[in-house]
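Asker:
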Amino acid sequence: MPLQDLKFRAGVNRETTSYSNEGGWFDVDKVRFRDQYPEKIGGWQKYSGSQFLGTCRSLYGWVALDGSIYVGVGTNKKFYVEEGETYFDITPIRKTTTNAATFAASNGSATITVSDSNHGAGVGDFVTFSGAVSLGGTITAAVLNAEHEIVTVPNSSTYTITASATANSSDTGNGGGSVTAVYQINIGLDTGVSGSGWGVGTWGRGTWGSASTSTVASAQLGLWSQDNFGEDLLLNQRQGNIYYWDASSGTSTRAVVLSSLANSNLAPTIAKQILVSDRDRHVLAFGCDDESSIGTQDPLLIRFADQESLTDWETRTDNTAGSLRLGTGSEIVCAKETREEILVWTDVSLHSVRFIGPPFTFGLRQVSGLITIISPNASIAVEDFAVWMGRDDFFVYKGGVNTLPCTVKQYVFSDLNQAQTQKIFCGVNSAFSEIWWFYPSSSSLENDRYVVWNYTNNLWYYGNLFRTAWLDRGIKDFPIGASSDGYLYNHEFGLDDGSTDPASPISSFIESSQVDIGQGDNFAFVNRIIPDISFSTSTVSDPSANVILKSRNFPGGGFQQTDTTGVTQTATTPVELYTEKADIRLRGRSMTLRVESNATGVQWKLGTPRMNIRPDGRR
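In this text, residue positions in the sequence shown follow numbering that gives the first Met the number 0: the first is 0, and each later residue adds one.
1) Out of 417, 382 and 370, which has the shortest C-alpha to C-alpha gap to residue 401?
2) For residue 303, which of helix, strand or coil comes out of DSSP?
3) Taking a contact to mean a Cβ-Cβ separation below 8 Å, would you say residue 309 touches residue 234 in this structure?
4) Taking the DSSP output, what are the residues bridged to residue 593?
5) Would you check if the distance between the CB atom of residue 342 and the CB atom of residue 335 is smaller than 8 Å?
6) Just to confirm the assignment, what range does the beta strand (DSSP E) spanning residue 87 have?
7) Please classify residue 54: is it buried, with 16 or more other beta-carbons within 10 angstroms of its beta-carbon, or exposed?
8) Applying the criterion that 16 or more other CB atoms from any shown protein chain within 10 Å of the CB defines a buried residue, is residue 423 buried or exposed?
9) Does the pairing of the stretch 123 to 142 with the stretch 174 to 181 give three or more beta-carbon distances under 8 Å?
10) Can you name the start and end residues of the alpha helix (DSSP H) that residue 470 belongs to?
11) Per the contact definition of three or more C-beta pairs closer than 8 Å, is the stretch 434 to 452 in contact with the stretch 67 to 79?
12) For residue 197, count neighbouring Cβ atoms within 10 angstroms of its own Cβ and tell me buried if that reaches 16, exposed if not.
13) On the CB-based measure, 16 or more other CB atoms within 10 Å of its CB, does residue 684 come out buried or exposed?
14) Going by other Cβ atoms of all chains shown within 10 Å of its Cβ, with 16 needed for buried, is residue 406 buried or exposed?
15) In the DSSP output, what is residue 45 paired with across the bridge?
16) Straight-line CA distance for residue 164 to residue 105?
17) Does DSSP put residue 380 in a helix, in a strand, or in coil?
18) In whole angstroms, give me the CA-to-CA distance for residue 390 and residue 372.
19) How would you call residue 146, buried or exposed, if buried means at least 16 neighbouring beta carbons within 10 angstroms?
20) Report the start-end ranges of each alpha helix (DSSP H) in the stretch 101 to 163 that is 4 residues or longer and not cut off at the edges.
21) Using 8 Å as the threshold, is the C-beta distance between residue 648 and residue 459 below it?
22) Starting from the C-beta of residue 15, find all residues in its chain whose C-beta is less than 7 Å away, skip the five residues before and the five after it, and write them out in chain order.
23) What are the boundary residues of the beta strand (DSSP E) that includes residue 409?
24) If I follow the unbroken beta strand (DSSP E) through residue 1, where does it start and stop?
25) Check each candidate in 484, 465 and 488 and name the one with the smallest Cα separation from residue 476.
26) Quick one: measure Cβ to Cβ for residue 509 and residue 30, integer angstroms, because I've assumed they're closer than 8 Å.
27) Excluding the 5 residues flanking residue 317 on each side, which residues of the same chain have their C-beta closer than 8 Å to its C-beta?
28) Hey, residue 374 and residue 421 are a contact pair by Cβ (cut 8 Å); roughly how many whole angstroms apart?
29) Using the C-alpha atoms, what's the distance from residue 346 back to residue 273?
30) Counting pairs of beta carbons, one from the stretch 273 to 290 and one from the stretch 98 to 114, are three or more of them closer than 8 Å?
31) Taking residue 360 as part of the beta strand (DSSP E), name the residues at either end of that continuous run.
32) Going by alpha carbons, who is nearest to residue 594 out of 21, 28 and 3?
33) Is any beta-carbon of chain B found at less than 8 Å from that of residue 505?
34) Can you tell me which of 409, 426 and 465 puts its alpha carbon nearest to the alpha carbon of residue 445?
35) Where does residue 222 sit, in a helix, a strand or coil, going by DSSP?
36) May I ask you to report which of helix, strand or coil DSSP gives residue 95?
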């Protein structure tokens, strides 16, 4: 019989069974589609040899007036400005006490008890001491006068730290009476906390008694929003204050509270997100406090400062400052700027905010009241549209809202850790017209999987990868992904996994749905396959991939390994650069094609393989 082309539809479809998806792809990992054909994704390499503390949930890049390239890195523990592959700690200061802190050590222990009334610190917070003197032994002034992470908090007046030395019997002092303690802002949670009790979550959110992310003060998931105002940076710790970092002051200077700036007038002191409108140069705060009630949060309020101003937030007739309040939903979840407008999501609705000029400054319009959004970082604006991940669907906005058909929807939403959905992060890989959502699977506390929508070809695929934040290429040559290991990674860089040294292989595969003859009532016999695989950009001289044919006797049955005739029911053949054909023997009612690779320096792309297949009777 003539050779049969193995042509499969581009994209992955998990909305039906493998058998009913005949002619399509059914399973995949670390493979994308380009020009309708599958290929292994690009590799990644460490952006810097340095690590940051905490889990990164926000990345933002901009260029200063002097040409310096910065990346803001917000983690649950710290906020950094990266420059020249170095992380500079600009975490704001919450409180400073002078001549109040004292120390107590125990012989044979590195644990130091610090006394400081009303310190306001929590476990994991950071404090820096200066002016302390030796406790008398191994706990010297140099040991104390450093940055420390708080280990335990017994009460509002004491906490413990771990010293870099073990105390001896001579350490009986208290550090002197001239100690200055500088407390950084409270850290955020690294893991969402769920509960169903009274007071958990915002009023009216979700169904009665359902689990919701904890909203206990100082116990929020550590999320940040950030945007540049000229060459300077505005940053907001979700449900916390708004801060300002002056680039001209240098990377050794910390961010300060926005309301502490000179001439600050009624600036918000609590918000869910900040944003700078590029078209009209307004700073906007979402889910913030009203100017008439500073410190009291209104989760549906939007406030904006005077045009071209960071500090003037008072509503007057001689400026453009003002406020808007959304009428639906229980809280603002996030906001994104597009080419024409600012989109604002609540937990149940989408709104459009447009600059219209004085006297109202901004106009407000509800776009849809029938949507959800799963996390503050689950949306992205690309070109002339915006997309986001809801609680059980994907959505797209192009002037109006529509659900986004997804061929892997059930697969994704049935494998979510619902207690950790606030961590879901959406990013764009514009070089390949891809939008990626990183999410925690049902068995993971952290983002360990991804789902991709190719918006040019309207294709879906997915895979496994630990990433907590993403920044598309632009000011940098490569997309940047943040990992839970404390490193940033350049993506589409090389062919391998650069998290190890030397780099390790990226395990990639794609597997088809079942292929049969006619209606599958006859057995088929395959004795030859002619692969069509390109290794054109591989960096090794002998790149290869495995081509695997598997057979089933029935659609719902498992893949058979052997039968009574001794004919192998799974056939694996390595395909190398110059492989012309592979002689195999495989028998079954239906066949599945799988291509996989797990070697360094290999890049592969699959074309249209052919195989010699013929009917082989009914029994």
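By construction, the Cβ of each residue, glycine as well, lies at the ideal position given by its N, Cα and C atoms.
Answerer: From the atom records:
1) Mapped onto the sequence shown, residue 401 falls at position 402. The shortest Cα separation from residue 401 among 417, 382 and 370 belongs to 370.
2) Here residue 303 corresponds to residue number 304 of the sequence shown, with the count starting at 1. DSSP places residue 303 in strand when its eight states are reduced to three.
3) Within the sequence shown, the letter at position 310 stands for residue 309. Within the sequence shown, the letter at position 235 stands for residue 234. No, the pair does not count as a contact, with Cβ atoms beyond the cut-off.
4) The residue you call residue 593 lines up with position 594 of the sequence shown. In DSSP, residue 593 forms a bridge with 510 and 547.
5) Here residue 342 is taken as the residue at index 343 of the sequence shown, counted from 1. Here residue 335 is taken as the residue at index 336 of the sequence shown, counted from 1. Taking 8 Å as the Cβ cut-off, residue 342 and residue 335 qualify as a contacting pair.
6) In the sequence shown, the residue the question calls residue 87 occupies position 88. Element bounds for residue 87: 85 to 88.
7) Residue 54 sits at position 55 when you count from the first residue of the sequence shown. Classification for residue 54: buried.
8) Translated into positions along the sequence shown, residue 423 becomes position 424. That one is buried.
9) yes
10) As a working note, residue 470 is residue 471 in the sequence shown. Run containing residue 470: none in the alpha helix (DSSP H); it sits in the beta strand (DSSP E), 468 to 470.
11) no
12) The residue given as residue 197 occupies position 198 in the sequence shown. Model confidence at residue 197 stands at a pLDDT of 36, short of 50, so the residue's coordinates are unreliable; what they give is reported in the following sentence. Its Cβ having fewer than 16 others within 10 Å, residue 197 is exposed.
13) Outside the displayed span of the chain (0 to 618) sits residue 684, for which this structure offers no information.
14) Here residue 406 refers to the residue found at position 407 when the sequence shown is read from its first residue. So residue 406 ends up on the buried side.
15) Here residue 45 corresponds to residue number 46 of the sequence shown, with the count starting at 1. 488.
16) Taking the sequence shown and counting its residues from 1, the one referred to as residue 164 is at position 165. Taking the sequence shown and counting its residues from 1, the one referred to as residue 105 is at position 106. Residue 164 and residue 105: Cα-Cα distance of roughly 12 Å.
17) Residue numbering aside, residue 380 sits at position 381 when the sequence shown is read from its first letter. Three-state result, residue 380: strand.
18) For the purposes of this step, residue 390 is taken as residue 391 along the sequence shown, with counting starting at 1. For the purposes of this step, residue 372 is taken as residue 373 along the sequence shown, with counting starting at 1. Taking the straight line from one Cα to the other gives about 6 Å.
19) Sequence index remark: in the sequence shown, residue 146 carries index 147 (1-based). Residue 146 comes out exposed.
20) 140 to 143
21) Residue 648 lies beyond the stretch modelled for the chain, which goes from 0 to 618, so this question has no answer here.
22) Sequence index remark: in the sequence shown, residue 15 carries index 16 (1-based). Within the same chain, residue 15 has no close Cβ partners at all.
23) Working through the sequence shown from its first residue, we reach residue 409 at position 410. Note, residue 409: premise wrong, no beta strand (DSSP E); alpha helix (DSSP H) at 408 to 412.
24) For the purposes of this step, residue 1 is taken as residue 2 along the sequence shown, with counting starting at 1. Segment: none, residue 1 is in no beta strand (DSSP E) and carries neither H nor E.
25) In the sequence shown, residue 476 corresponds to position 477, counting from 1. The shortest Cα separation from residue 476 among 484, 465 and 488 belongs to 488.
26) Numbered from its first residue, the sequence shown carries residue 509 at position 510. Numbered from its first residue, the sequence shown carries residue 30 at position 31. Right, the Cβ-Cβ distance comes to about 5 Å (below 8 Å), so this counts as a contact.
27) The residue you call residue 317 lines up with position 318 of the sequence shown. Result list for residue 317: empty, nothing under 8 Å.
28) As a working mapping, residue 374 is identified with position 375 in the sequence shown. As a working mapping, residue 421 is identified with position 422 in the sequence shown. Residue 374 to residue 421, Cβ: 5 Å. Contact.
29) Translated into positions along the sequence shown, residue 273 becomes position 274. Translated into positions along the sequence shown, residue 346 becomes position 347. Cα-Cα distance, rounded: 18 Å.
30) no
31) Counting from one through the sequence shown, the residue named residue 360 turns up at place 361. First-last of the beta strand (DSSP E) with residue 360: 360 to 367.
32) As a first step, residue 594 is located in the sequence shown; it is residue number 595 there, counting from the start. Of the listed residues, the one whose Cα sits closest to residue 594 is 28.
33) The structure shown contains no chain B; it holds only a single protein chain.
34) Here residue 445 is taken as the residue at index 446 of the sequence shown, counted from 1. Comparing Cα positions, the closest option is 465.
35) Counting from 1 along the sequence shown, the entry for residue 222 is found at position 223. Reduced to three states, the DSSP call for residue 222 is coil.
36) Along the sequence shown, read from residue 1 onward, the residue named residue 95 stands at position 96. It is a strand residue.
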